[in-house]
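Sequential numbering from 231 applies to the sequence shown in our numbering. Have a look at the structure below, then the notes.
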Amino acid sequence: MNEQGLAQIPLSGFAAQHLLDVESLSRTDIEAILDRAEFYEKLLTARQPVEKVLEGKIVLTLFFEPSTRTRISFEMAAKRLGADVVNWDFERSSMAGKGESLKDTIRTLDAVQPDALVIRHSEQGAAFLAAEHASLSRAPVINAGDGIRAHPTQALLDALAMRQAKGPLEDLTVAIVGDISHSRVARSNIALLAKMGATIRLIGPRSLMPTSFPGAKVEIYHDLGQGLPGADIVMCLRIQRERMAVGELPEESEYHRRFGMTRAWMDVAGSGALVMHPGPMNRGIEIAEDLPDDPDRSLILEQVRLGVPVRMAVLDLLLGGRGRV
Ligand code: CP
Numbered sequence: 231m232n233e234q235g236l237a238q239i240p241l242s243g244f245a246a247q248h249l250l251d252v253e254s255l256s257r258t259d260i261e262a263i264l265d266r267a268e269f270y271e272k273l274l275t276a277r278q279p280v281e282k283v284l285e286g287k288i289v290l291t292l293f294f295e296p297s298t299r300t301r302i303s304f305e306m307a308a309k310r311l312g313a314d315v316v317n318w319d320f321e322r323s324s325m326a327g328k329g330e331s332l333k334d335t336i337r338t339l340d341a342v343q344p345d346a347l348v349i350r351h352s353e354q355g356a357a358f359l360a361a362e363h364a365s366l367s368r369a370p371v372i373n374a375g376d377g378i379r380a381h382p383t384q385a386l387l388d389a390l391a392m393r394q395a396k397g398p399l400e401d402l403t404v405a406i407v408g409d410i411s412h413s414r415v416a417r418s419n420i421a422l423l424a425k426m427g428a429t430i431r432l433i434g435p436r437s438l439m440p441t442s443f444p445g446a447k448v449e450i451y452h453d454l455g456q457g458l459p460g461a462d463i464v465m466c467l468r469i470q471r472e473r474m475a476v477g478e479l480p481e482e483s484e485y486h487r488r489f490g491m492t493r494a495w496m497d498v499a500g501s502g503a504l505v506m507h508p509g510p511m512n513r514g515i516e517i518a519e520d521l522p523d524d525p526d527r528s529l530i531l532e533q534v535r536l537g538v539p540v541r542m543a544v545l546d547l548l549l550g551g552r553g554r555v
């Protein structure tokens, strides 16, 4: 599809100024983002020049939690499109030591008029609070992960990786394995896959499985042998130790024995099944040491690679492409 074709995709629902969660995107919005990401991916792969549609814009990133993939790929994406990036640094900010609140920090940063705010925070709802208080600049707020609630750009890049490797999402059976309760990646993937009509299986211990999934039809399993057969994609999740109470922590070797993904378990899923992981991984716990590096089985580095074009698409549609419908 050429740029002209992409420019004609309607952005229904994107009239909302921000990208805070997957739930507020329509199926058409999701397809528009994935199509535009694929357009950028082709340019990047061919090392062709990218139109600097965000030239003169400034993207402000606020990472209250550590990040490698999300932070770097947002910065790369913004720069590929010609924007400048300013990284707010918690340790050197007036929140550290001087007690400035999150709300006042957002209002202060809003007052210096960025063109977009990308925020990651350990508290769910932080991105919504940022959107509420970024009223002066009217900058789009993009949620780069808030607590256990949402990580919409991760779900979008996962969707593109699945679509490219396995075809239309509505035809896929996706098994999400592990610590579902504490995973914003799982929540956003479930919301996206449900909108796109995929079959969703959740596999994990009862102690790490929520009891309800509003708006999504899911199959729940507590045993890999029952949940894996026939899955096209096996998405492993990290044990979110930082979000657990001490009593909740599973014993690592027992967890690996019951829910750790191995080549043998991938064979149970099927000969064409592919493994995914949002990262960072704990090799030897939720995934075997050797599985992530198996090029016939693993989409993990592909997920990372697609993070840049997906975030380019999101930035373009929110900041630059809004008028191009
Ligand atoms: N998947 C993900 O969000 O990774 P980072 O924490 O490294 O950004």
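Where a beta carbon is used, it is the ideal one built from N, C-alpha and C, also for glycine.
- Selection Leu-332, Ser-367, Arg-527 evaluated against Leu-359 yields Leu-332 as nearest (Cα-Cα).
- Rounded to the nearest whole angstrom, the C-alpha separation of Lys-396 and Leu-529 is 11 Å.
- Judged by the Cβ position, Pro-510 qualifies as a neighbour of ligand 1 at the 7 Å threshold, a heavy atom of the ligand being closer than this.
- With a threshold of 16 other beta carbon atoms within 10 Å, Ile-302 falls short and is exposed.
- Two segments are said to touch when three or more pairs of C-beta atoms, one from each, lie closer than 8 Å; by this definition the region 417-429 touches the region 249-265.
- Around the CB of Phe-320, fewer than 16 other CB atoms lie within 10 Å, so the residue is classed as exposed.
- Rounded to the nearest angstrom, the gap between the Cα atoms of Pro-279 and Asp-388 is 25 Å.
- Nearest in C-alpha terms to Ser-413, of all of Gln-354, Ile-372, Ile-263, is Gln-354.
- When rounded, the separation of the alpha-carbon atoms in Ile-336 and Ala-364 is 7 Å.
- When DSSP states are grouped into helix, strand and coil, Ile-260 belongs to the helix group.
- For Val-280, there is no enclosing beta strand (DSSP E), as DSSP marks it with neither H nor E.
- In this structure, Arg-487 lies away from Leu-504, with their beta-carbon atoms at least 8 Å apart.
- At the C-beta level, Ala-446 and Leu-399 stay beyond 8 Å of one another.
- When DSSP assignments are scanned along the region 400-469, the uninterrupted stretches of alpha helix (DSSP H) that are 4 or more residues long and fall wholly within it turn out to be 414-426, 454-457.
- At least one heavy atom of ligand 1 lies less than 7 Å from the C-beta of Gly-375.
- Here Gln-533 is buried. Its C-beta has 16 or more other C-beta atoms within 10 Å.
- In the DSSP annotation of this structure, the continuous segment of the beta strand (DSSP E) that includes Thr-291 starts and ends at 288-293.
- Excluding sequence positions up to five before and after Met-474, its CB lies within less than 7 Å of the CB of His-412, all in the same chain and listed in chain order.
- Put simply, the region 493-503 does not touch the region 265-272. Fewer than three CB pairs are less than 8 Å apart.
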